[in-house]
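In mature numbering (1 follows the signal peptide of the UniProt record, and there is no 0), the protein residues as written are -17 to -1, 1 to 315. Quick notes on the structure that follows.
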Amino acid sequence: MLKRLLLLLCLTGHVFAKEPPDVECLVVHLKYVHCSWNKQGTPEVNYTFYGWFKGADVSECPSYLSENNINTGCNQPYGSRFNSFYTRLVHENQSSKEKEHYLKEKVKLNPPTNLTVHYGSDSNLWLSWTQISQISSNCVESEVRYRINNRNWAVVSIGKQNYCLNLPSHSSLYELQVRSRIGYACGLSEFWSDWTEPVVWGSNNSTDPNKMNSSMSVWTPVLSVVGAFILIVLVMMLLHNERWVICDSQTSHTCCSFLKDWFKFPKGLKEGLNYNERPCPVREYCHVRQSDSESSDCSTCSATTDQTDCSVFIPVNESDLSTPCSSSISQF
């Protein structure tokens, strides 16, 4: 009875034993073969990995990849993607099935490098980059994607290592990226490389506040100088008008002299601004008809002064000859 029970346990244990996980491999940038067996999750046990190209010796993995101290992958030296590649997983010396991999279409390149963009003399935007050097550029095809002002991406397939965007707008913001893969001429690969980091060209006033601040920072000093100049001109005009009112009133010669000195007028102009002359009383001449000359005392109508050099003669229009003449004194 005991023997039967032990035999049953052995048979059920063999039936319910877990199969080793599936192994998937691809060639990375034509430099090494990357294999992994964690597609369905991290294995419960550590497996020993063996991999080799057809015709080569079987060798254990030289560089394991692990998660939580559990082996999940291996980087194996690269041979030729046109030759079959074989793998084997072993746990505690238990036998495991070998798997054959065809790597011709399973190549993943690294993203292109030295991505640059510049505005050409032909008014077009030129994008260029550097690709893998191990293979001919004719074996590589690329995709460029770009977007304007953070809108949807547009994707363009090309077969060379540069791209021209016709007549871009300087007022828009352009973002461009590139990815590549082995093309049809050399055995089309299923895998594209990752996208490069985007390069940016242009500006977007509606979405880029830094550009707006930069523009404002350029104009701020100019506007400040212009505003200060206008303010000074207005103040000078106001003070100029105020000065004439004060000086014409003859109430303060000291104020007039102060203002003349403060404005720093040229010497010739400054000498003409002499407001220290004394007032000059003036009388108008009285014109009377000859018939009235004997009865009129015109001595009171003669122009007299206070014996200074500021005598003023005020002519009388012919139309006023018949009007009465009244004596008046004006002070300037």
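Positions of the beta carbon are idealized from the N, C-alpha and C atoms, including for glycine.
Rounded C-alpha distance that separates residue i from residue j
i	j	result
I215	P204	17 Å
I131	S155	7 Å
F32	L110	43 Å
S120	N29	41 Å
L86	G103	41 Å
G211	L222	First, the amino acid is wrong: residue 211 is Ala here, not Gly. Going from the Cα of A211 to the Cα of L222 covers about 16 Å.
L92	I115	8 Å
C18	P3	14 Å
H153	V10	42 Å
L242	V208	Any reading at L242 needs caution, since the residue's pLDDT is 48, under 50, leaving its predicted position unreliable; the model's value is listed next. Their Cα atoms are separated by approximately 26 Å.
E43	A137	45 Å
E180	P94	9 Å
Q23	G142	37 Å
Y129	Q144	15 Å
Y167	E75	44 Å
L217	L206	17 Å
7 Å Cβ shell around residue i - same chain, five flanking residues per side excluded
i	result
N149	N107
Q77	none
residue 366	Missing from the structure shown is residue 366; the chain here goes from -17 to 315 and no further.
V41	Y33 and W35
Q59	Y15, V16, C18, G34 and C44
M219	none
Rounded distance between the beta-carbons of residue j and residue i, thought under 8 Å
i	j	result
C122	C169	4 Å
E161	V183	What sits at residue 161 in the sequence shown is Val, not Glu. With 8 Å as the limit, V161 and V183 do not qualify as a contact, their Cβ atoms being about 14 Å apart.
T70	K82	5 Å
S172	E88	6 Å
V73	S67	At roughly 20 Å, the Cβ-Cβ gap does not stay under 8 Å, so V73 and S67 are not in contact.
Close Cβ partners of residue i (< 6 Å) along its chain, the five nearest in sequence each way excluded
i	result
T113	T96 and N97
W178	Q160 and R162
Y47	N54 and C57
Proximity to residue i [Cα-Cα], best of the options
i	options	result
G38	S120, F65 and I53	F65
E124	Y15, C18 and F174	F174
E7	Y129, D177, N76 and G34	G34
R134	Y146, C147, K143 and Y157	Y157
T146	S176, W136, H101 and G185	Before going further, note that residue 146 is Tyr rather than Thr in the sequence given. Comparing Cα positions, the closest option is H101.
E27	P60, P45 and N52	N52
V90	E75, D105 and Y61	Y61
D5	D105, H84 and P45	H84
Y15	P45, L217 and Y167	P45
D105	P151, Y129 and M220	P151
Residues of its chain near residue i, where Cβ-Cβ distance is below 8 Å and the 5 sequence neighbours each way are ignored
i	result
E50	N21 and T25
I118	L13, I165 and C169
S63	F36
S186	H153, S154, S155, L156 and K194
Continuous alpha helix (DSSP H) assignments of at least 4 residues falling wholly in the region 86 to 116 = none
What are the start and end residues of each continuous beta strand (DSSP E) run of 3 or more residues lying completely inside the region 127 to 194, in chain order?
-> 137 to 141, 145 to 148, 156 to 165 and 182 to 185
Whole runs of the beta strand (DSSP E) within the region 41 to 77, excluding any shorter than 3 residues | 47 to 50, 53 to 60 and 68 to 73
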